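Undergrad: This is the structure I have questions about; it appears just below.
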Amino acid sequence: MAMLVKDVHLPASPTQELNLPKHKEYLASYGTKKDDYEYCITEHLRMSGIYWGLTAMDLMGSLDSFDRAEIIEFVKQCQYSCGGFGASIHHDPHLLYTLSAVQILATFDALNTIDIDKTVSYVKELQQEDGSFYGDKWGEVDTRFSFCAVACLALLNKLHAINIEKAVEFVVSCMNFDGGFGCRPGSETHSGQIYCCLGTLSILGRLHHINADLLGWWLCERQLPSGGLNGRPEKLPDVCYSWWVLASLKIIGRLHWIDKEKLQNFILASQDEETGGFGDRPGDMEGSDMMMQVNVKK
1 MAMLVKDVHL PASPTQELNL PKHKEYLASY GTKKDDYEYC ITEHLRMSGI
51 YWGLTAMDLM GSLDSFDRAE IIEFVKQCQY SCGGFGASIH HDPHLLYTLS
101 AVQILATFDA LNTIDIDKTV SYVKELQQED GSFYGDKWGE VDTRFSFCAV
151 ACLALLNKLH AINIEKAVEF VVSCMNFDGG FGCRPGSETH SGQIYCCLGT
201 LSILGRLHHI NADLLGWWLC ERQLPSGGLN GRPEKLPDVC YSWWVLASLK
251 IIGRLHWIDK EKLQNFILAS QDEETGGFGD RPGDMEGSDM MMQVNVKK
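In structure tokens:
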């Protein structure tokens with residue numbers, strides 16, 4: 001059955017250079033304009049935004065552009081007595097932001113500044129009998145949270161705190177006929193979920209459960225004529241999937257199945273040459289995909 005192909009056209013003369021100075025300026029300004037609309041509407045993902053910015057700056061050799069002490073203090077203020085972290089001060093704790101907090105502190109070699117035992121307990125208590133994980137106390141289940149839990153505990157060297165076999169069973173139960181994974185059993189395959197499930201299985205040493213060729217074929221079909229990658233069939237390409245798809249192909253050893261040069265050209269064309277940063281596709285405003293794109297270009 002034929003599928004609709006949605007794509008974009010690249011500029012006639014797209015840039016061929018990754019404008020690192022502009023991207024550094026763009027990231028270094030993050031948080032300095034607290035009255036800006038963009039800053040206010042992203043408060044709900046502040047912790048993850050800081051992690052993405054730090055990682056991108058680290059990849060560009062400019063991690064010292066951020067105030068280490070100030071960031072560590074912010075992270076500490078976001079930890080609750082239960083051990084979990086919120087996206088910002090006074091935001092409820094959640095696994096997504098708990099992982100970002102741990103990643104930030106690991107980047108700064110500052111894990112000793114928080115109560116690790118409480119964080120481990122928080123993550124452990126969110127695992128359910130079927131091996132899945134709630135994202136927080138409200139009970140949403142998603143394979144993203146399985147990855148968050150496993151990655152967080154791996155960084156803390158505490159994987160033994162959870163039921164690993166049950167965690168693996170749940171992730172495998174989310175595998176579909178096309179080789180991909182959804183957020184729960186029976187859910188549609190999605191590139192972001194694939195990365196989370198592969199990451200979980202890879203950390204736990206259980207990649208033998210996947211069909212690498214079948215999954216690799218689905219992933220490489222995400223590349224469109226423009227060179228960009230989409231998250232699932234019949235969707236527009238988006239630079240964030242340069243990371244989710246590419247990282248997944250790397251994990252399963254099928255990175256050579258896509259056209260690297262065309263993907264690079266798509267990413268470069270998505271830069272904002274005036275302000276720095278990347279939009280989700282050529283012609284759109286810059287957003288929070290910086291870490292992913294710099295990582296891909298590396």
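Residue 241 in full-length UniProt numbering is what sits at position 241 of the sequence shown, and the numbering runs on without skipping anything.
All C-beta atoms in this analysis are idealised placements derived from N, C-alpha and C, irrespective of residue type, glycine included.
Model, not experiment: these values are computed from the prediction.
1. Are the Cβ atoms of residue 159 and residue 5 separated by less than 8 Å?
2. So residue 192 and residue 231 are in contact, right, with Cβ under 8 Å, and what is the actual spacing, rounded?
3. Near residue 251, which residues of its chain fall below 6 Å by C-beta distance, leaving aside the five closest residues on each side in sequence?
4. Using alpha carbons as the reference points, say which of 78, 67, 263 and 269 lies closest to residue 13.
5. Which residues does DSSP pair with residue 74 in a beta bridge?
6. Quick one: using the 10 Å Cβ neighbour count with 16 as the cut-off for buried, is residue 248 buried or exposed?
7. Is residue 271 near residue 112, with beta carbons less than 8 Å apart?
8. If you compare alpha carbons, which of 150, 267 and 104 is closest to residue 132?
9. Which residues share a DSSP beta bridge with residue 83?
10. Is it a yes or a no for the stretch 255–270 touching the stretch 30–41, going by three-plus beta-carbon pairs under 8 Å?
11. Enumerate in chain order the residues of its own chain whose CB-to-CB distance from residue 162 is below 8 Å, with the five nearest sequence positions on each side excluded.
12. Does the stretch 135–146 touch the stretch 86–101, meaning 3 or more C-beta pairs lie closer than 8 Å?
13. Give me the DSSP bridge partner(s) of residue 133.
14. Determine the burial state of residue 177: buried for a count of at least 16 other Cβ atoms within 10 Å of its Cβ, exposed for fewer.
15. Tell me which residues share the same chain as residue 175 and place their Cβ nearer than 8 Å to its Cβ, disregarding the 5 neighbours each side in the sequence.
16. Give me, in chain order, the residues of the same chain whose beta-carbon lies closer than 7 Å to that of residue 114; leave out the 5 immediate sequence neighbours on both sides.
17. Could you tell me which residues DSSP pairs with residue 300 in its beta bridges?
18. Starting from residue 58 and walking both ways along the alpha helix (DSSP H), at which residues does that stretch end?
19. Kindly indicate the opening and closing residues of the alpha helix (DSSP H) around residue 21.
20. Figure out for me which residue from 23, 10 and 16 has the closest Cα to the Cα of residue 278.
21. Assuming residue 88 contacts residue 60 (C-beta within less than 8 Å), just tell me the rounded distance between them.
22. Looking only at its chain, what residues have a beta carbon closer than 7 Å to the beta carbon of residue 110, apart from the 5 residues adjacent to it on each side?
23. If I measure Cβ to Cβ from residue 155 and keep anything under 6 Å in the same chain, skipping five residues before and after, which residues do I get?
24. For residue 223, which beta-bridge partners are listed by DSSP?
TA: Short version:
1. Cβ distance not < 8 Å, so residue 159 and residue 5 don't count as in contact.
2. By a beta-carbon distance limit of 8 Å, residue 192 contacts residue 231. Their separation comes to about 6 Å.
3. Within the same chain, residue 251 has close Cβ partners 198 and 202.
4. When each option's Cα is compared against that of residue 13, the closest is 269.
5. As DSSP reads the structure, residue 74 sits in no beta bridge.
6. Classification of residue 248: buried, given that the 10 Å Cβ count is 16 or more.
7. Taking 8 Å as the cut-off, the Cβ atoms of residue 271 and residue 112 do not count as close.
8. Just measuring C-alpha positions, the residue of 150, 267 and 104 sitting nearest residue 132 is 150.
9. According to DSSP, residue 83 bridges with nothing at all.
10. By the Cβ test, the stretch 255–270 is not in contact with the stretch 30–41, since fewer than three Cβ pairs between them sit closer than 8 Å.
11. Within the same chain, residue 162 has close Cβ partners 123, 124, 127, 149, 150 and 153.
12. Contact between the stretch 86–101 and the stretch 135–146 is present: 3 or more CB-CB pairs across the two stretches fall below 8 Å.
13. DSSP output for residue 133 lists 127 as bridge partner(s).
14. Exposed.
15. Taken in chain order, the residues that qualify are 181, 197, 209 and 210.
16. If we look at residue 114 and ignore the five residues flanking it on each side, its Cβ neighbours are 76, 79 and 105.
17. Residue 300 is absent from the model: the chain starts at 1 and stops at 298.
18. DSSP places residue 58 in the uninterrupted alpha helix (DSSP H) bounded by 46–59.
19. Where residue 21 is concerned, the enclosing alpha helix (DSSP H) stretches over 20–28.
20. That would be 23, whose Cα lies nearest to the Cα of residue 278.
21. With a contact defined as Cβ atoms closer than 8 Å, residue 88 and residue 60 miss out at about 25 Å.
22. Cβ neighbours of residue 110 beyond the five flanking positions: 72.
23. Close CB contacts of residue 155 within its chain, under the 6 Å cut and outside five residues either way in sequence, are with 102 and 106 (chain order).
24. Beta-bridge pairing links residue 223 to 229.
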